[in-house]
Amino acid sequence: MSRKIIEMRNISKSYDSKADVLSHLDFTVYEGDYVIIKGKSGSGKSTLLNIIGLLDKHSSGDYIFLDKEIKLKANAEYDTLRGNNIGFVFQSYNLIENYTVLDNIFMPFLYSTNKITSKILNDTNDLLEELDLAQLKHQAVKFLSGGEKQRCAIARAVVSNPRLVIADEPTGNLDGENASIISKQFRKLANNKTTVIVVTHSDHLFQNADIFYELRQGRLWNNAI
Ligand SMILES: Nc1ncnc2c1ncn2[C@@H]1O[C@H](COP(=O)(O)OP(=O)(O)OP(=O)(O)O)[C@@H](O)[C@H]1O
Ligand SMILES: [Mg+2]
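Per numbering that gives the first Met the number 0, the very first residue in the sequence shown carries number 0; after that it's consecutive.
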């Protein structure tokens, strides 16, 4: 039986005491699962990913990440837990424009107690080839196209081989060919026991995933395709 990575029970979230964005949501995810979540704009997908990724807090309910109960009170320990275990691809990239591709890719190590090993340096070269970024590694991000930036953000999220990769619309700026490069990358991660959770509408990502949900009325509904 695979290890449980995420367990959410009865999770609700509201901003500024307005109506619930997430409402009594349950979600369980295992090691190596490749999960796709879709849902209308404003349905709460980014909200859910931010809570899963320890960037925001739920308002009520139980969230257990890697056997640790995530309490509502802020705790610096959660930053380390995130830095060591979670790679995040943001809807808006969040790259540092003046830094090179390589400098951006190695940023997560600033927030992690993991070290850059020679294996990671080797794997990074492979990763850059797979994501078609090898020629651009010394280029400042501000000179890249939207799709190249998105692939760079994906490289950054996966470079430290995290247990969980979370991606918010990672194919928003990619054509079909690039979307399938990324889809293959996520499948490979999941085959190597990384858990992958992706918000997307892309058919390319659907093809390779294991589990599908739709976020609607603040809850996740199964078999959403
Ligand atoms: N920081 C915030 N403060 C107040 N309200 C917020 C905040 N972030 C999100 N919301 C509200 O919560 C709801 C869900 O937003 P969210 O960004 O999670 O949706 P989404 O499904 O990711 O949408 P999209 O597909 O457009 O990215 C929206 O009504 C949004 O206005
Ligand atoms: Mg969003």
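C-beta atoms are modelled at their ideal positions from N, C-alpha and C, and glycine is treated no differently. If you're wondering where the values come from, they're calculated on a predicted model, not measured in any experiment.
Review point. Hey, how far is the Cα of residue 149 from the Cα of residue 137?
Key: Residue 149 sits at position 150 when you count from the first residue of the sequence shown. Residue 137 sits at position 138 when you count from the first residue of the sequence shown. Cα to Cα, residue 149 sits roughly 16 angstroms from residue 137.
Check your understanding: If you compare alpha carbons, which of 155, 7, 126, 4 is closest to residue 102?
Key -> Here residue 102 refers to the residue found at position 103 when the sequence shown is read from its first residue. Relative to the Cα of residue 102, the nearest Cα in the group 155, 7, 126, 4 belongs to 155.
Practice item. May I ask you to verify whether the stretch 178–185 touches the stretch 194–210, counting CB pairs closer than 8 angstroms and requiring at least 3? Key: Three or more pairs of CB atoms, one per stretch, sit closer than 8 angstroms, so the stretch 178–185 contacts the stretch 194–210.
Check your understanding: Just how far apart, CA to CA, sit residue 25 and residue 171?
Key -> Taking the first residue of the sequence shown as position 1, residue 25 is located at position 26. Taking the first residue of the sequence shown as position 1, residue 171 is located at position 172. Between the alpha carbons of residue 25 and residue 171 lies a distance of about 27 angstroms.
Review point. When the distance is taken between beta carbons, is residue 84 closer than 8 angstroms to residue 112?
Key: Mapped onto the sequence shown, residue 112 falls at position 113. Mapped onto the sequence shown, residue 84 falls at position 85. Taking 8 angstroms as the Cβ cut-off, residue 112 and residue 84 do not qualify as a contacting pair.
Exercise for review: Mind listing which residues have their beta carbon within less than 7 angstroms of any non-hydrogen atom of ligand 2? Chain order is fine.
Suggested key: The set, ordered by position in the chain, is 44, 45, 90, 167, 168, 198.
Review point. Hey, quick one: how far does the alpha helix (DSSP H) through residue 205 stretch, first residue to last?
Key: Here residue 205 is taken as the residue at index 206 of the sequence shown, counted from 1. Note, residue 205: alpha helix (DSSP H), 202–207.
Review point. Whose C-beta lies closer than 6 angstroms to the C-beta of residue 50 among residues of the same chain, with five residues either side of it excluded?
Key: The sequence position of residue 50 within the sequence shown is 51, counting from 1. Hits under 6 angstroms: 57.
**Study point:** Min CB distance residue 132 to chain B below 8 angstroms
**Key:** In summary, chain B is missing from the structure at hand, where a single protein chain is found.
Practice item. Please go through the same chain and pick out, in chain order, the residues whose beta-carbon is closer than 7 angstroms to the beta-carbon of residue 76, but skip the five residues on each side of it. Key: The residue labelled residue 76 in the question sits at position 77 within the sequence shown. So no residue of the chain qualifies.
**Study point:** Outcome for residue 133 when other beta-carbon atoms lying within 10 angstroms are tallied against a minimum of 16
**Key:** Taking the sequence shown and counting its residues from 1, the one referred to as residue 133 is at position 134. With fewer than 16 other Cβ atoms within 10 Å, it is exposed.
Practice item. Assign residue 152 to one of three DSSP states: helix, strand, or coil. Key: For the purposes of this step, residue 152 is taken as residue 153 along the sequence shown, with counting starting at 1. In this structure, residue 152 counts as helix in the three-state DSSP scheme.
Check your understanding: Is the stretch 94–101 in contact with the stretch 160–168, if contact means three or more CB pairs nearer than 8 angstroms?
Key -> A contact between stretches requires three or more CB pairs, one per stretch, nearer than 8 angstroms, and the stretch 94–101 fails this requirement with the stretch 160–168.
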